[in-house]
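According to my numbering, the sequence shown is numbered sequentially starting from 224. Glycine included, every Cβ here is placed at the ideal spot set by N, Cα and C. Predicted model only: the values in this text are computed from it and were never measured.
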Amino acid sequence: MDALTLINKNIQPSSNKKNYAKLEPLELEYISMEDIIRLMKDNSNTLSLTFDEFCHIRNVITRAELETLLFDDKLYADVAQGKLCFNCRKVHFNLLTFTFGIQCSVCKQKVCRSCVTQIALPKEKLTDVPIHTFTPLTMPQSLISSEKSYSLDIQ
């Protein structure tokens, strides 16, 4: 059973929700961080995932998104090797300009400083914590209007 099937197993299909489990692999749409947070906030429709389970699911989705870049060999190579920001795909990382990527603890990809928001959390306490405890009580307007990725910086 793949990760998307596991997530969507308990989601009731409605007219405005997409059932990702029924889509063919090539039809799979990108799941934005806003959608993931919205799903996590609605506890009645989602599984109670731990942080580690959430990271694994997001990592699988990230690898699937990376495979969509195979049509452009140079773009795929740069993103896969961590030389280009995974989120915006505009910022190149190199030593000459002192631009370094930050590895996202959730998706395990390199992202630029303008695409990441960091939260310092102790790693040893995250294994059994439900992921819905990390979600904000209200959706901040900056998250809705921006297309930034969010990373949890584990110390």
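Which class does residue i belong to by DSSP, given the choice of helix, strand or coil?
i: Leu246; result: Interpretation of Leu246 is limited by its pLDDT of 42, a score under 50 that renders its predicted location unreliable; the figure taken from the coordinates is listed afterwards. Correct three-state label for Leu246: coil.
i: Thr273; result: strand
Determine the contact status of residue i and residue j, defining contact as a CB-CB distance below 8 Å.
i: Ile325; j: Val314; result: no
i: Thr291; j: Gln332; result: no
i: Arg281; j: Cys330; result: yes
i: Val302; j: Leu318; result: no
i: Phe316; j: Gly305; result: yes
Compute the beta-carbon to beta-carbon distance between residue i and residue j, rounded to the nearest angstrom, for a pair I have assumed lies under 8 Å.
i: Cys308; j: Cys338; result: 6 Å
Go ahead and label residue i buried or exposed: buried means 16 or more other beta carbons lie within 10 angstroms of its beta carbon, across all protein chains shown.
i: Phe323; result: exposed
i: Phe321; result: exposed
For residue i, list the residues DSSP reports as bridge partners.
i: Lys333; result: Gln326
i: Asn317; result: Thr322
i: Leu380; result: With the chain covering only 224 through 378, there is no way to say anything about residue 380.
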